[in-house]
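As you go down the protein sequences, you meet chains A and B in turn. Numbering-wise, the first sequence is residues 1 to 142 according to full-length UniProt numbering. Numbering-wise, the second sequence is residues 1 to 316 according to full-length UniProt numbering. Every residue gets a Cβ at the ideal spot worked out from N, C-alpha and C, and that includes glycine. It should be emphasised that the depicted structure is a prediction, and the values quoted were computed from it without experimental measurement. Down below is the structure, laid out as structure tokens.
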Amino acid sequence: MADMPDNGKQYASEEQLAYAVWLDWGMKLGFVTLVATFLAYLLGLAAPHVGHEQLAQLWSLPVGEYLKATGGHTGWSWLSLVGRGDYMNFIGIALLSGITIVCYLRILPLFLAAKDRVFTAITVLEVLVLVLAASGVLVAGH
Amino acid sequence: MHAPLRRLVAVISLLTFSGAVLAGDPTAAAQNGSGLPWWAWPAILFVVTFFLGIVAVLGGVGGGVLFVPIVGGFFPFHLDFVRGAGLMVALAGALAAGPGLLKSGMASLRLAMPLALIASAAAIVGAMVGLALPAHVVQTALGITILGIVVLMWLAKKSEFPEVPRADALSTALRMNGIFYDAAARREIDWKVHRSVKGLFLFVGIGVMAGMFGLGAGWANVPVLNLLMGAPLKVSVSTSKFMLSIVDTSAAWVYLNQGAVLAMITVPSLIGIMLGSLVGVRLLKVASASVVRKVVIGMLLLAGSRALLKGLGIWN
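Right under this line is the structure:
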């Protein structure tokens, strides 16, 4: 195996290996999706919500003004526009941004089975932090 | 200097700042439509990030730390979108490297998890503050931070195998230790860490900066893990890289949810830097580490100065 140390011994723990395997698959899925949707966007196979010419006139605006000018929304409302070429790319971006949460959920049972209370708590807290960030309830803006 | 490397440095210098040269005032060009066609900026971005990917690998830095100040300083995109893209660039690099580093045992999940928890929560705060502050304030703070990184890179020493006389109570309780095989030394290295409470506190600041500026934070992670906490250099670099996949995830969601991620900026950058990294790995054999390091420091010095002067309204 390419990822094994030169001496062939295994130094990674069970939970570390499980995390790595899921991260690997999730990362690959995210990249392939991102490249495929971007090609569809670039080649005009799916009409964008914001046209290419218009985008070039607006990308120098702060995000708040950009959203106002394009009728865009915050949070998960992009899902309603996911058929559009530009927003279609958010599927791959969300996969790449979400895989870490899935990896943490994968190792949670392993820490529970090992009765490792501290790392069980750390895993749960990290999932909560990432889910909070992903939820869209945190509002910021100029 | 090696001839191919000299040519590479020349091309990088040319392409990195081609945006400013080609369009004069890039913001105006994009806004009034009299400058380049819409596809030109993403195309230039792809080429520039390709070379940034090469330099990042050769210089041993993350792509994000080069990407944000250079693209933010010389391209017409608003800093909000550049930081969103910067986070995705840093995240993608960390996700790509993570599985291999974890499987080989070079990165340590037990060392990363407690630190990443603190840093990822702080990164959310940093991202929200960064998106709430006026762009010129963030630009100024970014310039100061990048110039600080230049000083850190210039002065900071690294320790291959720091001496840790005794693991502290917290790191012992969390079992933040391990064994890895060092292929260069051809032996197993048994490692442990100390000063973990101080390390946890520092990761609050690192997380805030990662979220606020959209930078990967390897430049700060590695000195804290290696010089303060005493993890071996290879474990520090690998664990830092893996940690970015967790810390940048939380900040990336904030930027994504606020609408500060544009596919036309993010995807060419991400693909460019990934392809550049692949080429960079191949060039590692012929590149002079000290020369590349100086090039990286020079680029950061210029980009940091540009960000600072742009933020202060001196060089718009």
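Whether residue i touches residue j by CB criterion (8 Å)
| i | j | result |
| --- | --- | --- |
| R83(B) | F213(B) | yes |
| G53(B) | I297(B) | no |
| F203(B) | M106(B) | no |
| A132(B) | D248(B) | no |
| G143(B) | G311(B) | yes |
| L225(B) | T239(B) | yes |
| E15(A) | I107(A) | yes |
| W78(A) | Y87(A) | yes |
| T120(A) | L132(A) | no |
| V55(B) | V279(B) | no |
| P69(B) | G304(B) | yes |
| G83(A) | T33(A) | no |
| V102(A) | W22(A) | yes |
| I124(B) | T100(A) | no |
| W253(B) | S80(A) | no |
| G85(A) | A36(A) | no |
| Q258(B) | V50(A) | no |
| A18(A) | L110(A) | yes |
From the options, residue whose alpha carbon lies closest to that of residue i
| i | options | result |
| --- | --- | --- |
| V47(B) | V267(B), S159(B), L300(B), S288(B) | V267(B) |
| D24(A) | V63(A), L95(A), T123(A), V127(A) | L95(A) |
| L45(B) | G60(B), F67(B), A303(B) | F67(B) |
| residue 381(B) | Q139(B), L95(B), V57(B) | In the structure as shown, chain B begins at 1 and stops at 316. Residue 381(B) is therefore absent and cannot be evaluated. |
| F31(A) | R306(B), G93(B), L262(B) | G93(B) |
| N7(A) | R186(B), L147(B), W191(B), A119(B) | R186(B) |
| A263(B) | L117(B), A85(B), L300(B), D190(B) | A85(B) |
| L308(B) | T145(B), L87(B), A122(B), M128(B) | T145(B) |
| R306(B) | V71(B), V235(B), P37(B), W39(B) | V71(B) |
| M128(B) | V237(B), L174(B), A210(B), D190(B) | A210(B) |
| Y41(A) | V63(A), F90(A), M27(A) | F90(A) |
| D116(A) | A112(B), R175(B), I118(B) | R175(B) |
| I265(B) | F38(A), A46(A), Y104(A), A114(A) | F38(A) |
| Y11(A) | V57(B), M88(B), D182(B) | D182(B) |
| S236(B) | A141(B), P37(B), G199(B) | G199(B) |
| V118(A) | A141(B), M113(B), A121(B) | M113(B) |
| P5(A) | E188(B), G98(B), P42(B) | E188(B) |
| L301(B) | V222(B), P37(B), L147(B), F51(B) | L147(B) |
| H52(A) | G126(B), F201(B), P42(B) | P42(B) |
| F50(B) | G100(B), I271(B), S104(B), A122(B) | I271(B) |
Residue i, enclosing alpha helix (DSSP H) - first and last residue
| i | result |
| --- | --- |
| R110(B) | 109-132 |
| E14(A) | 14-42 |
| Y87(A) | 85-113 |
| residue 317(B) | Examination of residue 317(B) is not possible in this model, given that chain B is present from 1 through 316 alone. |
| T249(B) | 233-257 |
| E126(A) | 117-135 |
| I206(B) | 196-213 |
| P268(B) | 263-283 |
| E160(B) | No alpha helix (DSSP H) holds E160(B); DSSP gives it neither H nor E. |
| A173(B) | 169-173 |
| R306(B) | 289-311 |
| G53(B) | 40-59 |
| V222(B) | 218-223 |
| H52(A) | 52-58 |
Cβ-based neighbour list, residue i, same chain, cut-off 8 Å, excluding 5 preceding and 5 following
| i | result |
| --- | --- |
| H194(B) | V164, P165, R166, A167, D168, S171, M229, G230 |
| W219(B) | V61, G62, V65, I149, L152, M153 |
| L102(B) | L109, F242 |
| A260(B) | D80, F81, R83, G84, L131 |
| V127(A) | I101, Y104, L105, L108 |
| Y66(A) | L58, W59, G72 |
Close-in-space but distant-in-sequence residues of the same chain around residue i (CB under 7 Å, 5 per side omitted)
| i | result |
| --- | --- |
| R293(B) | G59 |
| A69(A) | L58, L61 |
| K158(B) | N226, L233 |
| P48(A) | Y41, R84, G85, D86 |
Contact belief for residue i with residue j at Cβ below 8 Å, rounded distance in angstroms
| i | j | result |
| --- | --- | --- |
| G35(B) | L244(B) | No, G35(B) and L244(B) are not in contact; Cβ-Cβ is about 35 Å, not under 8 Å. |
| A119(B) | G207(B) | 3 Å |
| L125(A) | L117(B) | 6 Å |
| L87(B) | A251(B) | 5 Å |
| V281(B) | V57(B) | 6 Å |
Own chain, CB closer than 6 Å to residue i, minus 5 neighbours either side, in chain order
| i | result |
| --- | --- |
| L115(B) | F203 |
| L55(A) | none |
| D25(B) | With a pLDDT of 43 at D25(B), under the threshold of 50, the modelled position of this residue cannot be trusted, and the question is left open. |
| A135(B) | L79 |
| K192(B) | V164, A167, N177 |
| G136(A) | G75, W76 |
| F161(B) | P232 |
| D190(B) | I179 |
| L215(B) | G64, V65, V68 |
| H73(A) | none |
Residue range of the beta strand (DSSP E) that includes residue i
| i | result |
| --- | --- |
| G178(B) | 177-182 |
| W191(B) | 187-192 |
Cutoff 8 Å: residue i Cβ touching any chain E Cβ
| i | result |
| --- | --- |
| P5(A) | Absence of chain E from the displayed structure is noted, the protein chains being A and B. |
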